[in-house]
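A.B. asks: This is the structure, below, for whatever I ask next.
Residue numbers (the numbering used here): -12 to 273.
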């Protein structure tokens, strides 16, 4: 069973090593006057691509985004992506292990879960001006490595994440759900990401969240207009697509890996939700 590639950038444009579970580097240094083309792969750490001026294309979990100025991409561990950055792009690449940021303070897990729930943050000019000093400070601390520099870096990351969340609220002022509902939804989505190959039943996730099935469905319906079963199916299909396009594993291997003992059922399930058999999907979209 081949795993989805987890790799760094090519040797000529190598991403910085994760020293101490954190790194930051300017895009100018990474690109070195060249274009960057990365095929489908995944990381086991958080990755932030902060773009000041940029052109290109970024595909995250099979959703394509046009790369533009003043924007941030934030990838969670396990997501697959491919990236094309044209030469002349400027900004920063930040990488950090989950535990690195979670060690900052007791509110860090909730903050990281909230901000990581969205992959693309287009920013207005005023907000980007607020963030630029934070990023410059992080880069300086990382380069100089003075006493307690990691704590300064994590504090600046927290402020940056809070600014992103504030913008998200400002651009969606009509949201009527409660913080409790939002927190439970974000935790449910996090559980799906980590357990989809093992758990397929709504009741299993409801138990992990200390909710009834009715309560979990009410939350997902109110916030996403989908029931919990639909979200479970969507995550199963997403992980199947990741494996079909990023590995050469046989369909039967992928089915077993995803927790489907009956390969024929998996094929029918995949076709029902995508319109393609797994083999046809791989042929059409690879």
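Don't be surprised by glycine CBs; every beta carbon is placed ideally from N, CA and C.
What residue range is occupied by the uninterrupted beta strand (DSSP E) comprising residue 12?
C.D. replies: Where residue 12 is concerned, the enclosing beta strand (DSSP E) stretches over 9 to 13.
A.B. asks: According to DSSP, what are the bridge partners of residue 107?
C.D. replies: Its beta-bridge partners are 60.
A.B. asks: Evaluate residue 165 with the Cβ neighbour count: other Cβ atoms within 10 Å of its Cβ, from every protein chain shown; 16 or more gives buried, anything less gives exposed.
C.D. replies: Classification for residue 165: exposed.
A.B. asks: Here's a check: name, in chain order, each residue in its chain whose Cβ is nearer than 6 Å to the Cβ of residue 71, leaving out the five neighbours to either side.
C.D. replies: If we look at residue 71 and ignore the five residues flanking it on each side, its Cβ neighbours are 24, 43 and 44.
A.B. asks: DSSP puts residue 82 in a beta bridge; with which residues?
C.D. replies: Answer is 10 and 34, bridged to residue 82.
A.B. asks: Along the beta strand (DSSP E) that carries residue 117, what are the first and last residues, could you check?
C.D. replies: Where residue 117 is concerned, there is no enclosing beta strand (DSSP E), although the alpha helix (DSSP H) it sits in stretches over 112 to 131.
A.B. asks: Output needed for residue 185: all residues of its chain with C-beta closer than 7 Å, excluding positions within five of it in sequence on either side, in chain order.
C.D. replies: For residue 185, where only same-chain residues beyond five positions count, the Cβ hits under 7 Å are 246.
A.B. asks: Counting only the same chain and skipping the five closest in sequence on each side, list residues whose C-beta sits under 8 Å from that of residue 175.
C.D. replies: If we look at residue 175 and ignore the five residues flanking it on each side, its Cβ neighbours are 192, 196, 203, 206, 207, 215 and 218.
A.B. asks: Quick check on DSSP: helix, strand or coil for residue -2?
C.D. replies: In this prediction, residue -2 has a pLDDT of 35, which is less than 50 and means its spatial position is unreliable; what the coordinates show is noted afterwards. Three-state DSSP puts residue -2 in a helix.
A.B. asks: Check the DSSP bridge columns for residue 223 and list the partner residues they point to.
C.D. replies: Answer is none; residue 223 lacks a bridge partner.
A.B. asks: With a threshold of 8 Å, are at least 3 pairs of Cβ atoms found where one atom belongs to the stretch 58 to 67 and the other to the stretch 104 to 113?
C.D. replies: Touching, yes.
A.B. asks: For residue 68, which residues does DSSP report across the bridge?
C.D. replies: DSSP, once it has assigned bridges, lists 28 and 47 as partnering residue 68.
A.B. asks: Excluding sequence positions up to five away, which residues of its chain have a Cβ less than 8 Å from the Cβ of residue 102?
C.D. replies: Contacts found: 61, 148, 151 and 152.
A.B. asks: Apart from the five residues on each side of it in sequence, which residues of its chain come closer than 7 Å, Cβ to Cβ, to residue 49?
C.D. replies: Closer than 7 Å at the Cβ level, and outside the excluded window around residue 49, lie 228.
A.B. asks: Is residue 149 helix, strand or coil by DSSP?
C.D. replies: Here residue 149 sits in helix by DSSP.
A.B. asks: Does DSSP put residue 264 in a helix, in a strand, or in coil?
C.D. replies: Here residue 264 sits in coil by DSSP.
A.B. asks: Could you please give the first and the last residue of the uninterrupted alpha helix (DSSP H) stretch that includes residue 241?
C.D. replies: Per DSSP, residue 241 belongs to the alpha helix (DSSP H) from 238 to 244.
A.B. asks: Reducing DSSP to helix, strand and coil, say where residue 5 ends up.
C.D. replies: Residue placement at residue 5 is poorly supported in this model, since its pLDDT is 45, which falls under 50; the coordinates still yield a value, given next. Coil at residue 5, not helix or strand.
A.B. asks: Just how far apart, CA to CA, sit residue 137 and residue 249?
C.D. replies: Those two C-alpha atoms are separated by around 49 Å.
A.B. asks: In its own chain, which residues sit with a C-beta less than 6 Å from the C-beta of residue 57, not counting the 5 before and 5 after it?
C.D. replies: For residue 57, where only same-chain residues beyond five positions count, the Cβ hits under 6 Å are 110 and 115.
A.B. asks: Rounding to the nearest angstrom, what Cα-Cα distance links residue 123 and residue 135 in this structure?
C.D. replies: Each residue's alpha carbon lies about 17 Å from the other.
A.B. asks: Considering only residues of the stretch 172 to 204, which uninterrupted alpha helix (DSSP H) runs meet the minimum length of 4 residues and lie entirely inside it, listed in chain order?
C.D. replies: 189 to 195, all fully within the stretch 172 to 204.
A.B. asks: Which of the three DSSP states, helix, strand or coil, is assigned to residue 327?
C.D. replies: The displayed coordinates of the chain run from -12 to 273. Any statement about residue 327 would go beyond what the structure contains.
A.B. asks: DSSP puts residue 52 in a beta bridge; with which residues?
C.D. replies: Answer is 45.
A.B. asks: Do you know offhand how far residue 90's Cα is from residue 96's?
C.D. replies: Distance between the alpha carbons of residue 90 and residue 96 is about 9 Å.
A.B. asks: Just to confirm the assignment, what range does the alpha helix (DSSP H) spanning residue 95 have?
C.D. replies: Run containing residue 95: 95 to 102, per the alpha helix (DSSP H) assignment.
A.B. asks: Rounded C-beta distance between residue 74 and residue 22? I'm assuming under 8 Å.
C.D. replies: Yes, they are in contact, since the Cβ atoms of residue 74 and residue 22 sit about 5 Å apart, within 8 Å.
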